[in-house]
Amino acid sequence: MLEIPREIVDAVIAQAQDGFPLEVCGIMGGTGNRVASRYPMTNTDASNEHFMMDPKEQFAVVKAMRAAGEEMLVIYHSHPESPARPSQEDIRLALTPNVYHLIVSLENREVPVAKAFRISAGVVEAVEIETI
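Going left to right, the sequence shown walks through residues 15 to 146 as our numbering numbers them.
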């Protein structure tokens, strides 16, 4: 189970809505399975079908998380027009070990859906999200 503060979930959904129709992305830090911080990132691909994080931003975020005593827990992104499940590209590019992947679907913009997964060696496992 992944624990995420309600205000962070709300902020990710707002970021996805604000970035529509493009995918948005970011990183969440914390310890264990509890998220404590959110770092919105630039989707350098500026695409509605995939995302790529800016390496310089990633480096700065990793430094900030280390300074806060946190580790990278979640990589998140939005699916502006498709369900909250990993695409084949998401699965293929899930190369960071031991992180959760959170996907926010805006397929129905009035009712955004956020779901979390573990992806390892091409295997996708759904993970329950508890908002705290």
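Glycine residues also receive a C-beta, built at the ideal position from the N, C-alpha and C atoms.
Nonlocal neighbours in the same chain, by C-beta distance under 7 Å from residue i, ignoring five residues either side
{"i": "glutamate 17", "result": "Asn47, Arg48, Val49, Glu144 and Ile146"}
{"i": "arginine 52", "result": "Ile22, Ala25, Val26, Gly40 and Met42"}
Cβ shell of residue i (< 8 Å), same chain only, five flanking positions each side left out
{"i": "methionine 15", "result": "Asn47, Val141, Glu142, Ile143 and Glu144"}
{"i": "glutamine 31", "result": "Leu120, Arg123 and Pro126"}
Separation of residue j from residue i, as counted between CA atoms
{"i": "phenylalanine 34", "j": "valine 137", "result": "29 Å"}
{"i": "threonine 58", "j": "aspartate 68", "result": "6 Å"}
{"i": "alanine 128", "j": "lysine 77", "result": "27 Å"}
{"i": "glutamate 20", "j": "alanine 135", "result": "This sequence places arginine at residue 20; glutamate is not what is there. Answer to the nearest angstrom: the Cα atoms are 30 Å apart."}
{"i": "glutamate 103", "j": "phenylalanine 73", "result": "23 Å"}
{"i": "isoleucine 117", "j": "arginine 80", "result": "24 Å"}
{"i": "proline 111", "j": "glutamine 29", "result": "25 Å"}
{"i": "glutamate 139", "j": "phenylalanine 65", "result": "21 Å"}
{"i": "asparagine 62", "j": "serine 92", "result": "9 Å"}
In DSSP terms, what residue i is bridged to
{"i": "arginine 52", "result": "Met42"}
{"i": "valine 88", "result": "Met42 and Tyr114"}
{"i": "serine 101", "result": "Serine 101 pairs with nothing; no bridge assigned."}
{"i": "leucine 120", "result": "According to DSSP, which records beta bridges pairwise, leucine 120 is partnered with nothing at all."}
Beta-carbon proximity list for residue i, same chain, < 6 Å, skipping 5 on both sides
{"i": "alanine 98", "result": "Ile117, Ser119, Val127 and Lys129"}
Within the chosen definition, does the region 117-130 reach the region 67-85 through at least 3 CB pairs nearer than 8 Å? no
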